[in-house]
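> Going down the list, the protein sequences come from chains E and R. This note's numbering runs 147 ahead of the 1-based position in the first sequence. This note's numbering runs 147 ahead of the 1-based position in the second sequence.
Protein chains: 2
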Amino acid sequence: MEGAKSVIELLDSDFETVKVLGTTDFISRLNKKIKGEILEVSAKELEGIGEFQTNEGALAVARIRPNNEIVVKPDQFALVLDDIRDPGNLGTIIRTADWYGINQIIASEETADFYNAKVISATMGSFTRVEIFYTEIARWLSKTERKIYGAFLEGENVHAVDFGKGGVIVIGNESRGISPDVGKMVTDKITIPRFGKAESLNAAIATAVICDNIRRSK
Amino acid sequence: MEGAKSVIELLDSDFETVKVLGTTDFISRLNKKIKGEILEVSAKELEGIGEFQTNEGALAVARIRPNNEIVVKPDQFALVLDDIRDPGNLGTIIRTADWYGINQIIASEETADFYNAKVISATMGSFTRVEIFYTEIARWLSKTERKIYGAFLEGENVHAVDFGKGGVIVIGNESRGISPDVGKMVTDKITIPRFGKAESLNAAIATAVICDNIRRSK
Chain E
148 MEGAKSVIEL
158 LDSDFETVKV
168 LGTTDFISRL
178 NKKIKGEILE
188 VSAKELEGIG
198 EFQTNEGALA
208 VARIRPNNEI
218 VVKPDQFALV
228 LDDIRDPGNL
238 GTIIRTADWY
248 GINQIIASEE
258 TADFYNAKVI
268 SATMGSFTRV
278 EIFYTEIARW
288 LSKTERKIYG
298 AFLEGENVHA
308 VDFGKGGVIV
318 IGNESRGISP
328 DVGKMVTDKI
338 TIPRFGKAES
348 LNAAIATAVI
358 CDNIRRSK
Chain R
148 MEGAKSVIEL
158 LDSDFETVKV
168 LGTTDFISRL
178 NKKIKGEILE
188 VSAKELEGIG
198 EFQTNEGALA
208 VARIRPNNEI
218 VVKPDQFALV
228 LDDIRDPGNL
238 GTIIRTADWY
248 GINQIIASEE
258 TADFYNAKVI
268 SATMGSFTRV
278 EIFYTEIARW
288 LSKTERKIYG
298 AFLEGENVHA
308 VDFGKGGVIV
318 IGNESRGISP
328 DVGKMVTDKI
338 TIPRFGKAES
348 LNAAIATAVI
358 CDNIRRSK
């Protein structure tokens, strides 16, 4: 994790922190919280280490979580990502899910890596509160007992859908949408109504609009 | 404009096209539509020219529009951007506005450049349908007669706001939100309700959620 914000969220989470590299200021300020090995570095040294050109305050190494199977309870919502390839989109989707109290994500194997530095950064700390399970999603969907919502051109208007208490929402790939194999599993087709002329919405934007409508309809 | 999609949207718009560089395939396919000077290039040559590493099919040079003052009519909505600095965010905001039929944007002088290649690309063609006016936004807001909505922590829940037929929506900067000078001009404070733990939403995501609620409440 790179940057003070992500590292602070990490130290507040149940992730296992292996090592923290921080400026004198960062370390003295967070001394009590820091777990793992501590290395004091200058701001200049910090800049050369991470993947990003700038870094304010800290960088940490943590152990990734095992890829545990996710089971969605009847009163919960989860997202299913069908090849979200852009790390910025994935990070924004995680941040948005966390805002709307959705903490489980099932992702296709072609989806961007949760632990990519750009993903972690775009989550703005929400990576600590959202669980992700990479799997063959068509097969996973064939086994779930939850309702499966997916956005299609000819679905029910999201402004009118009663989402009930739980279900899974399939978000399609940035260019080609939901793939045919996955589309077959969708039980409830939904549509975000369009009032202008854009051909489509960005995947993270569509996720946010659907989540807002889910929470409103409860 | 880089890439076949953006160039095709350009040729369908009222932008003045100066020059089009395209592959043989692109040019023969769109021959009747192409305006300005035509240059046939190979796919390989095309890759070296633009700002992006990859480019499928075409690149065009067009004349930028004059920075014309925008007047918002009583039955229209417009966005006011208070220092949206990330080109990807600006492009996504333009695409989202176009989806929701909002075609006027008033932007602070610190907002990313509309004609930045990353902005144009992220709009997915919507740059042709949205007008932008760069100005000192606090002063512009002081002169408008429209209602001015802005997202704050202590505003009215967007799920309950009656947006009426028109108004302007202020979108704050990615890190610091709406600046104090601009905040003073806001007549109607609104809030996107949070159901989980993320601290904030991405600026383009917040724009989309507000737009969806505006169109629903009509």
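Don't be surprised by glycine CBs; every beta carbon is placed ideally from N, CA and C.
1. Would you tell me roughly how many angstroms separate the C-alpha atoms of E:Ile174 and E:Glu192, rounded to the nearest one?
2. So with Cβ pairs under 8 Å, would you call R:Gly204 a contact of chain E?
3. Shorter than 8 Å from the beta carbon of R:Asn214 to some beta carbon of chain E?
4. Determine the extent of the beta strand (DSSP E) in which R:Lys166 is found, giving its start and end residues.
5. I'd like to know whether the C-beta of E:Asp359 is nearer than 8 Å to at least one C-beta of chain R.
6. Going along the chain, which residues of its own chain have a beta-carbon closer than 7 Å to the beta-carbon of R:Gly330, five neighbours each way excluded?
7. Determine the direct distance from the alpha carbon of R:Gly235 to that of R:Val266, and round the result to whole angstroms.
8. Use the C-beta contact count for R:Asp229: other C-beta atoms within 10 angstroms, 16 or more gives buried, fewer gives exposed.
9. What in chain E is Cβ-close to R:Ser322, meaning under 7 Å?
10. At the level of alpha carbons, what is the spacing between R:Leu237 and R:Val317?
11. What are the start and end residues of each continuous beta strand (DSSP E) run of 3 or more residues lying completely inside the region 277-346 of chain E, in chain order?
12. Return the residue from the list R:Met332, R:Leu300, R:Gly197, R:Thr201 that minimises the CA-CA distance to R:Asn263.
13. Which residue wins for smallest C-alpha separation from E:Arg286, given the options E:Ile357, E:Gly204, E:Glu163, E:Val227?
14. According to the Cβ coordinates, are E:Ile352 and R:Ala351 closer than 8 Å?
15. Nearest chain R C-beta to E:Thr352 closer than 8 Å, yes or no?
16. Please list, in chain order, the chain R residues whose beta carbon lies closer than 9 Å to that of E:Ser273.
17. Check whether the Cβ atoms of E:Val188 and E:Leu168 lie closer than 8 Å to each other.
18. I want to see whether chain R comes within less than 8 Å of E:Ile231, judged by CB atoms only; does it?
Result, derived from the coordinates:
1. 15 Å
2. no
3. no
4. 164-169
5. yes
6. Excluding residues within five positions, the ones whose Cβ falls inside 7 Å are Gly297.
7. 6 Å
8. Per the 10 Å Cβ criterion, buried.
9. Here the premise fails: no neighbours, minimum Cβ distance about 10 Å.
10. 13 Å
11. 278-281, 295-304, 314-318, 335-338, all fully within the region 277-346 of chain E.
12. R:Gly197
13. E:Val227
14. yes
15. Thr is not the amino acid found at residue 352 of chain E; the sequence shown has Ile there. By this cut-off, E:Ile352 is an interface position.
16. Within 9 Å Cβ-Cβ: Gly343, Lys344, Ala345, Glu346.
17. yes
18. no
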